[in-house]
Amino acid sequence: MIIKPVPCLKDNYAYLLLDQKSKQAAVVDPVEPDHVLKALEAYPDYKLCMILTTHHHWDHAGGNPKLLKTHPVTCYGGSDQVDGVTHLVKDKETIQLGDLTIKALATSGHTMDHMCYYIEHEQDRAVFTGDCLFSSGSGRMFEGSPDNMWHAMTQLLQLPEDTKVYFGHEYTVSNLKFAQHVEKDNQDIKDKMAWAQQTKCTTPSTIANEKLTNPFLRVNLPEVAKLITDDENASISQVWGKLRKMKDNF
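Residue numbers (my numbering): -9 to 240.
Dropping the structure here:
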């Protein structure tokens, strides 16, 4: 399994996903098809076989129609709102890319059709998280609720800790500034900030690192929750919602 990030627009990431055995390729959120196809030229033996779309926002799905004109492949997405979608995926549905089994995870909240895509192959594990989970951050709630978003977080928290997290935007430094604001004494966040400030492309992260540095995955920890709200009776979803409002106003 080979995964290559493809920077697009101002701060987006599309991705190439390659199965080395079958020489089949998938693209994730190819908002700028020319960039993605240029990256694929480095692998001339591979054939593009599918598009995986995390959600319907234009900066993730907007390139699908153009790519489909030259490469009429299956386009997976979570709803009919996804530009160019040809196959609607459901939670836990599996997709085959040659030797790779891709599992769709319904992670609504940022949008109600948001999907993450998890792959486990031999010793490698990876998840494409779109705008659900960023490095040390999370996407805004445009359509869902804190309950939706926390459910999405729990889906990702259950993945193996060595799973590599391939996110949809390069927001890591700004996310870490907020994380430091929330958890001023968290040394893992300080260490990650020092690294991120010297690193142009911070994808991928890992589930293990996100558990240490991402406040949106840490609201279930009492020592973190008390930094966000004084309400000891608040549910985890309510704490998550309060944290999201804090970030929106940060």
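Using N, Cα and C, we set each Cβ at its ideal position, and we do this for glycine too.
Which of helix, strand or coil DSSP assigns to residue i
i    : result
H100 : coil
F206 : helix
E110 : strand
K190 : coil
L87  : strand
K93  : strand
One or two residues paired with residue i in a DSSP bridge
i     : result
T274  : Past the boundaries of the shown model lies residue 274; the chain is included only from -9 to 240, so the question cannot be answered.
P(-3) : Y3
L211  : Looking at the DSSP assignment, L211 forms no beta bridge with any residue, so it has no partner.
M105  : A96
D9    : Q14
I218  : DSSP, once it has assigned bridges, lists no residue as partnering I218.
Proximal residues to residue i (C-beta, below 7 Å), its chain only, five neighbours per side dropped
i    : result
G243 : The first residue shown for the chain is -9 and the last is 240, placing residue 243 beyond what the model contains.
E222 : none
A186 : T162, V163, L166, T192
W140 : I226, S227, W230
A142 : T97, S98, G99, C122
D81  : A94, L95, A96
Residue range of the unbroken alpha helix (DSSP H) whose run includes residue i
i    : result
N54  : 54 to 60
M300 : The requested residue 300 does not occur in the structure, where the chain is confined to residues -9 to 240.
Close Cβ partners of residue i (< 8 Å) along its chain, the five nearest in sequence each way excluded
i    : result
A215 : V209, A224, I226, V229
G52  : V21, D73
Close beta carbons around residue i, own chain, < 6 Å, minus the five adjacent residues each side
i     : result
I92   : I85, Y107, I109
D9    : L87, G88, D89, L90
I(-8) : L8
L57   : P20, P23
N204  : S126
K180  : none
P136  : S227, W230, G231
S195  : S125, V155
L42   : A16, V18, Y66, Y107
C39   : Q14, V63
Range covered by the beta strand (DSSP E) that runs through residue i
i    : result
A184 : First-last for A184: 177 to 186, but that is the alpha helix (DSSP H), not the beta strand (DSSP E).
Proximity test, Cβ basis, 8 Å: residue i and chain B
i   : result
V17 : Given the protein chain composition of this structure (a single chain), no chain B is represented.
What residue ranges within the segment 112 to 162 form continuous beta strand (DSSP E) runs of no fewer than 3 residues, ordered along the chain?
114 to 120, 154 to 157
Residue ranges of each alpha helix (DSSP H) within the segment 14 to 83, 4 or longer
23 to 30, 48 to 51, 54 to 60
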